[in-house]
Amino acid sequence: MQPERAERIADIVERALEVQVGQRGPLLVELCGDDQELFVEVASLLHFQEKARDFIETPAVETAAELLADERTGLQPGDALDGYRIISLIGEGGMGEVYLAEDTKLERKVAIKLLKLGLGTANIIRHFHQEERILAGLTHPNIAQLYGGDVTKNGLPYFVMEYVAGARLDDYCRDKQLSIAERLGLFRKICAAVSYAHQHLVIHRDIKPANIRVTADAEPKLLDFGIAKLVDPNTAAIAEQTMTLAAVMTPDYASPEQVRGESITTASDVYSLGVLLYELLTEQKPYKIDSRTPTNVSRAIADQQPTRPSIAVAKQSRTDGKVKILPKSLRGDLDNIVLMAMRKEPARRYPSVAQFSEDIRRHLEARPVIARKDTLGYRTTKFVSRNKIAVGAAALLLLSLISGLIATGWEARRANRRFNEVRRLANSLMFEIHDSVKDLQGSTPTRRLIVTRALEYLDSLAREAGNDSSLQRELATAYEKVGDIQGNPYYANLGDTDGALVSYRKATSIRERLRNISSTIESEVELGRSYRGLGDISEQKGDIGQSVGNYRRSLSIFEQLAAKYPAEFSVQDELARAYETLGDGLSRSGKSETERLACYQKALSIRQSLLTQQPTNPKMRRSVALTHLKIGSASDAKEPHHIDNMRRGVEMMEALSVEDPNNERARREVGFAYYQIGGAQIAAGDYAQALQSRRKAFAIRQEIAEEDPKNVQARFDLAVAHGDLAEALSATGQAADALGHARQSLSILQGMSAGDPTNAVYQRNLGLCYEKLGEAYVALANNEKRSVGQRISDWNEARSWYRKGAELFSALRDRGTLMPADSEEPKKFSAKVRECDNAIARLKP
Amino acid sequence: MPFVYEELRRLARSYLARERADHTLQATALVHEAYLRLADETRLSWKDRAHFYGIAARLMRRILVDHARAHNAAKRGGLEQKLSLDEARELPTKNDVDLVELNGALENFSHDYPRKGEVVELKFFGGLETKEISEVLQISEKTVLRDWNFAKLWLCRALTQNAA
Chain U
29 MQPERAERIA DIVERALEVQ VGQRGPLLVE LCGDDQELFV EVASLLHFQE KARDFIETPA
89 VETAAELLAD ERTGLQPGDA LDGYRIISLI GEGGMGEVYL AEDTKLERKV AIKLLKLGLG
149 TANIIRHFHQ EERILAGLTH PNIAQLYGGD VTKNGLPYFV MEYVAGARLD DYCRDKQLSI
209 AERLGLFRKI CAAVSYAHQH LVIHRDIKPA NIRVTADAEP KLLDFGIAKL VDPNTAAIAE
269 QTMTLAAVMT PDYASPEQVR GESITTASDV YSLGVLLYEL LTEQKPYKID SRTPTNVSRA
329 IADQQPTRPS IAVAKQSRTD GKVKILPKSL RGDLDNIVLM AMRKEPARRY PSVAQFSEDI
389 RRHLEARPVI ARKDTLGYRT TKFVSRNKIA VGAAALLLLS LISGLIATGW EARRANRRFN
449 EVRRLANSLM FEIHDSVKDL QGSTPTRRLI VTRALEYLDS LAREAGNDSS LQRELATAYE
509 KVGDIQGNPY YANLGDTDGA LVSYRKATSI RERLRNISST IESEVELGRS YRGLGDISEQ
569 KGDIGQSVGN YRRSLSIFEQ LAAKYPAEFS VQDELARAYE TLGDGLSRSG KSETERLACY
629 QKALSIRQSL LTQQPTNPKM RRSVALTHLK IGSASDAKEP HHIDNMRRGV EMMEALSVED
689 PNNERARREV GFAYYQIGGA QIAAGDYAQA LQSRRKAFAI RQEIAEEDPK NVQARFDLAV
749 AHGDLAEALS ATGQAADALG HARQSLSILQ GMSAGDPTNA VYQRNLGLCY EKLGEAYVAL
809 ANNEKRSVGQ RISDWNEARS WYRKGAELFS ALRDRGTLMP ADSEEPKKFS AKVRECDNAI
869 ARLKP
Chain G
6 MPFVYEELRR LARSYLARER ADHTLQATAL VHEAYLRLAD ETRLSWKDRA HFYGIAARLM
66 RRILVDHARA HNAAKRGGLE QKLSLDEARE LPTKNDVDLV ELNGALENFS HDYPRKGEVV
126 ELKFFGGLET KEISEVLQIS EKTVLRDWNF AKLWLCRALT QNAA
């Protein structure tokens with residue numbers, strides 16, 4: 029039919045439907061005119077108005093529900109199924125029907141689970157065979173054994189399982205009136221079974237009383253691994269389903285992450301076991317819900333804190349007057365154990381079922397348990413530190429799970445879950461997991477593995493990403509994050525600079541490509557930052573040329589952007605930073621001092637104008653102060669603005685610190701600023717000013733070190749400050765004071781280096797401290813009021829310290845740990861030794 | 006779209022297994038819930054979500070029609086040949102629509118009326134409300150209703166003619 033024709037028909041019918049039946053005749057005549065065919069068509073449709081009133085008004089899924097409810101799979105007692113004879117139907121579940129049957133060959137009773145037919149059959153059968161193979165491999169006294177499985181002649185897949193005659197776990201406990209210790213004993217056996225399955229990379233996902241039977245000889249058996257899915261990376265198709273969302277078969281026992289549709293891990297089984305234990309101990313459900321609809325149950329699981337088991341039991345006995353379980357017996361340990369397993373955040377539960385079970389054992393043996401009452405101030409890091417190995421293991425398990433995501437089903441995921449996937453990886457894997465293990469001793473292999481997996485994942489995703497630019501952008505960001513962890517010097521990195529470069533290059537090339545399609549402020553800023561990161565990493569690798577090149581590229585992007593958006597604060601801020609970064613990069617190249625100074629000056633002028641827009645912005649004030657200091661250090665010491673800039677920087681830093689006295693970083697930076705200006709003043713020959721600056725730097729550092737005696741960095745800073753002060757005191761002839769400070773510096777450094785003898789930084793500073801000691805003795809020796817004998821002895825002292833310094837730096841050079849900046853030190857010290865020799869020779873009669 | 010397909014399929018069945026004893030009213034609610042979870046409201050913009058609803062309704066259609074097809078096949082000769090007269094009488098009467106036939110008719114209908122066909126898909130297979138459909142298709146609620154009423158006449162006639 030012509031589209032116009034179809035439209036016309038619909039239009040007339042719709043208009044006719046809006047008027048009374050009696051008025052339709054004239055309306056149709058008017059609208060159809062001479063078109064007889066049109067009139068017939070319209071009238072024929074309107075004729076069905078009455079009949080169509082309820083037609084398809086009930087959504088199909090509800091009709092289908094009724095149809096399915098009537099569906100029978102058709103096995104009857106007496107039916108023969110391969111080598112089995114059906115005895116009776118014993119249960120129905122989400123996946124199918126369960127029959128009691130007899131294995132006619134082995135003459136034993138078995139349970140046969142028949143899967144319902146009708147929905148995506150080929151898929152189910154494939155899945156079924158995979159599952160069967162895995163589950164048949166699970167052999168444990170507390171898991172109902174899977175004997176095998178096949179497909180009926182009619183195409184129905186079925187499992188043959190160990191038949192467990194026995195009561196449901198909860199009925200059993202109640203009917204036998206088991207004591208708490210007996211219940212815990214049974215529960216621990218279940219834990220052992222689940223833990224065993226976890227070791228075989230199978231997550232149960234549907235732990236509930238109905239799935240646990242207790243045999244006549246009191247052995248609990250876990251049934252129905254029917255929805256358990258494999259976590260093995262090699263069979264990704266199933267692992268993928270492990271990660272699927274929602275579909276909570278039995279919402280009461282589903283974990284918050286299941287309800288939220290997040291990934292399901294072994295921690296989900298820990299949660300379900302927690303609910304199970306809750307019910308075993310209290311004979312109540314953990315959440316109080318008015319109407320048990322799936323939505324309400326799900327909401328409670330996600331948001332509600334379960335009533336403490338002891339309180340639930342106490343309330344119950346007040347209501348019905350029966351005392352079955354004493355609240356007292358649950359209060360404390362058991363409350364805490366159950367609630368720890370049931371925590372909303374998977375990472376804060378027991379890291380494994382084995383640990384959960386172990387804690388119960390500790391309770392049974394009256395030893396202190398790990399579980400603590402959950403408090404608001406509780407921090408995950410504490411948990412991590414207590415469970416180092418377990419967290420590492422959990423991370424590894426999760427990793428294997430995630431790696432299962434690679435290589436299959438990209439198409440589907442891409443369309444629907446790309447945001448979740450990429451973010452889950454980049455944020456959860458790289459940050460939550462990575463950060464939770466990064467401070468642990470020996471976590472480096474785990475971190476490397478995380479990075480390797482992340483890259484495999486990202487590379488696969490990148491191959492499939494096509495022209496989807498939002499996904500591409502997410503990918504670029506993820507590559508940058510991985511790169512930072514691999515080798516960005518400004519992060520706690522793995523020292524894999526080459527890898528970091530590769531990751532960052534992938535990110536920049538994606539961003540460059542995107543730029544050709546469309547560019548926004550955001551995407552340009554991201555590109556500029558990406559080049560900056562590339563520059564940082566190149567520099568770390570020692571490739572200063574590449575580093576400066578990337579900084580220049582970053583700068584040119586921000587320059588263009590800033591020209592386009594002159595009023596955009598954040599863009600101008602980035603531009604200033606780009607100038608500053610290039611300046612820093614140039615300083616390492618040791619060339620282009622003029623350009624370097626110009627960069628800093630550009631940065632300063634941009635920042636100053638930004639500061640006039642936001643005069644109280646502390647970050648901007650700090651940036652301006654730091655830029656002043658950098659200009660100072662980049663300038664020729666003889667230029668007057670050199671010291672001026674530094675002084676301006678110091679003043680601003682000081683003002684910031686005064687306003688925010690609790691800000692330790694601000695205070696440390698004031699110390700640093702004084703340290704820097706002191707160095708500049710010495711270089712300019714202004715010893716009196718230098719002494720003042722260094723006294724200030726020293727006072728600040730002393731304060732910080734005293735506040736936190738355990739802070740190694742602060743102690744080291746103090747040692748350096750002692751030495752610097754000694755230098756200025758020597759230069760102004762205050763030899764006795766200089767000697768005192770130099771000795772203090774020495775004693776701190778000796779202590780630190782004894783604790784860490786291979787630390788080259790400590791060694792180097794010891795050497796510099798010898799120099800300060802030498803200088804102090806030289807200052808003493810230069811005091812002509814002292815006797816010649818004393819002065820000769822001073823020169824000898826000085827000589828011996830310089831000698832020690834020369835030896836130390838030579839040793840560092842021989843060991844290959846001499847820093848490039850110190851390459852002249854051995855020579856310098858030797859020269860000072862000779863100076864002393866000359867002085868002594870002059871004084872000797 | 007195998008992933009969403011699997012997921013909806015599983016949800017549909019789990020619902021069917023769970024709720025059979027109680028009321029059937031929650032079927033629609035559950036499908037909505039599935040959509041919400043799958044779409045992860047907080048992360049997707051409205052545009053993505055609307056898109057998602059569309060996909061999900063289409064998948065629901067496939068699931069249900071596949072199911073009906075298999076069911077019909079079973080009735081005709083396979084497994085359920087033992088179906089007794091009693092059971093035959095129990096077949097639903099109040100909403101006597103053959104999904105396979107309806108699906109065929111809807112395909113024809115959509116050929117001439119693509120947007121109206123989508124309305125049917127979203128409402129009947131996807132279980133969406135008028136307001137939601139108007140947001141997904143970016144048309145007014147009034148248009149949704151007009152489309153729906155017309156489609157019902159057209160499809161009802163088609164199925165009646167089939168039966169004849």
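Respectively, the protein sequence lines represent chains U and G. Start counting the first sequence at 29; every next residue gets the next number (our numbering). Start counting the second sequence at 6; every next residue gets the next number (our numbering). All C-beta atoms in this analysis are idealised placements derived from N, C-alpha and C, irrespective of residue type, glycine included.
Residue of the options minimising C-alpha distance to residue i
| i | options | result |
| --- | --- | --- |
| residue 390/U | 733/U, 130/U, 209/U and 602/U | 209/U |
| residue 230/U | 84/U, 689/U and 167/U | 167/U |
| residue 627/U | 675/U, 44/U, 508/U and 576/U | 576/U |
| residue 613/U | 592/U, 571/U and 649/U | 571/U |
| residue 70/G | 148/G, 108/G, 59/G and 117/G | 108/G |
| residue 107/U | 342/U, 130/U and 388/U | 130/U |
| residue 134/G | 153/G, 159/G and 74/G | 153/G |
| residue 715/U | 783/U, 248/U, 760/U and 873/U | 760/U |
| residue 381/U | 736/U, 734/U, 304/U and 286/U | 304/U |
| residue 370/U | 393/U, 331/U, 739/U and 386/U | 331/U |
Integer Cβ distance of residue i from residue j, believed to fall under 8 Å
| i | j | result |
| --- | --- | --- |
| residue 136/G | residue 126/G | The Cβ separation is near 17 Å, so there is no contact. |
| residue 56/U | residue 67/U | 6 Å |
| residue 155/G | residue 307/U | Residue 155/G to residue 307/U, Cβ: 54 Å. No contact. |
| residue 833/U | residue 802/U | 7 Å |
| residue 117/U | residue 109/U | About 13 Å; that fails the 8 Å criterion. |
| residue 854/U | residue 828/U | 16 Å between Cβ atoms; not a contact. |
| residue 711/U | residue 729/U | At roughly 21 Å, the Cβ-Cβ gap does not stay under 8 Å, so residue 711/U and residue 729/U are not in contact. |
| residue 823/U | residue 864/U | 5 Å |
| residue 514/U | residue 503/U | Going by Cβ atoms, the distance from residue 514/U to residue 503/U rounds to 16 Å, so no, they are not a contact pair. |
| residue 840/U | residue 772/U | So it is not a contact: roughly 23 Å between Cβ atoms. |
| residue 698/U | residue 674/U | Their Cβ separation, rounded to whole angstroms, is 13 Å, which puts residue 698/U and residue 674/U out of contact at 8 Å. |
| residue 669/U | residue 663/U | 6 Å |
| residue 727/U | residue 733/U | Going by Cβ atoms, the distance from residue 727/U to residue 733/U rounds to 11 Å, so no, they are not a contact pair. |
Per-residue contacts from residue i into chain G (C-beta, under 8 Å)
| i | result |
| --- | --- |
| residue 355/U | Those within 8 Å of residue 355/U in chain G number zero; the least Cβ separation is about 33 Å. |
| residue 29/U | 117 |
| residue 34/U | 117 and 118 |
Under 9 Å from the C-beta of residue i: neighbouring residues of chain G
| i | result |
| --- | --- |
| residue 386/U | Residues of chain G passing the Cβ test: none, with the nearest at roughly 34 Å. |
| residue 45/U | 151, 154, 155 and 158 |
Closer than 7 Å at the beta carbon, the chain U residues around residue i
| i | result |
| --- | --- |
| residue 157/G | 80, 83 and 84 |
Beta-carbon neighbours of residue i, restricted to chain G and to distances below 7 Å
| i | result |
| --- | --- |
| residue 77/U | 158 |
| residue 41/U | 155 and 158 |
| residue 209/U | Simply none; closest approach about 35 Å. |
Neighbour list for residue i in chain U, Cβ cutoff strictly below 9 Å
| i | result |
| --- | --- |
| residue 162/G | 72, 73, 75, 76, 79 and 80 |
| residue 109/G | Those do not exist, as residue 109/G stays about 14 Å from chain U at its closest Cβ, beyond 9 Å. |
Beta-carbon neighbours of residue i, restricted to chain U and to distances below 8 Å
| i | result |
| --- | --- |
| residue 120/G | Under the 8 Å cutoff, chain U gives no residues; its nearest Cβ is about 10 Å from residue 120/G. |
Three-pair Cβ contact test at 8 Å for the region 129 to 145 of chain U versus the region 185 to 205 of chain U = yes
Counting Cβ pairs, one atom from each stretch, are 3 or more of them under 8 Å apart for the region 812 to 825 of chain U and the region 852 to 861 of chain U?
-> no
Counting pairs of Cβ atoms below 8 Å between the region 707 to 717 of chain U and the region 679 to 691 of chain U, do you hit three or more?
-> no
Identify every run of the beta strand (DSSP E) within the region 709 to 770 of chain U, keeping only runs that are complete inside it and at least 3 residues long; order them along the chain.
-> none
Would you say the region 527 to 536 of chain U touches the region 500 to 519 of chain U, given that touching needs at least three Cβ pairs under 8 Å?
-> yes
Give, in chain order, every unbroken run of the alpha helix (DSSP H) that is at least 4 residues long and sits entirely within the region 111 to 147 of chain G.
-> 119 to 125 and 135 to 142
Check whether the region 584 to 591 of chain U touches the region 539 to 556 of chain U, taking contact to mean three or more Cβ pairs, one atom from each stretch, closer than 8 Å.
-> yes
In chain order, each alpha helix (DSSP H) run of at least 4 residues that lies wholly inside the region 357 to 396 of chain U = 361 to 369 and 381 to 392
Counting pairs of beta carbons, one from the region 299 to 314 of chain U and one from the region 327 to 346 of chain U, are three or more of them closer than 8 Å?
-> yes
Just list the beta strand (DSSP E) runs in the region 35 to 121 of chain U, keeping only unbroken ones of 3 residues or longer that don't cross its boundaries, in chain order.
-> 112 to 120
Using 8 Å as the Cβ pair cut-off and three pairs as the minimum, do the region 193 to 204 of chain U and the region 370 to 377 of chain U touch?
-> no
Which runs of the alpha helix (DSSP H), 4 residues or longer, sit entirely within the region 161 to 222 of chain U?
-> 197 to 203
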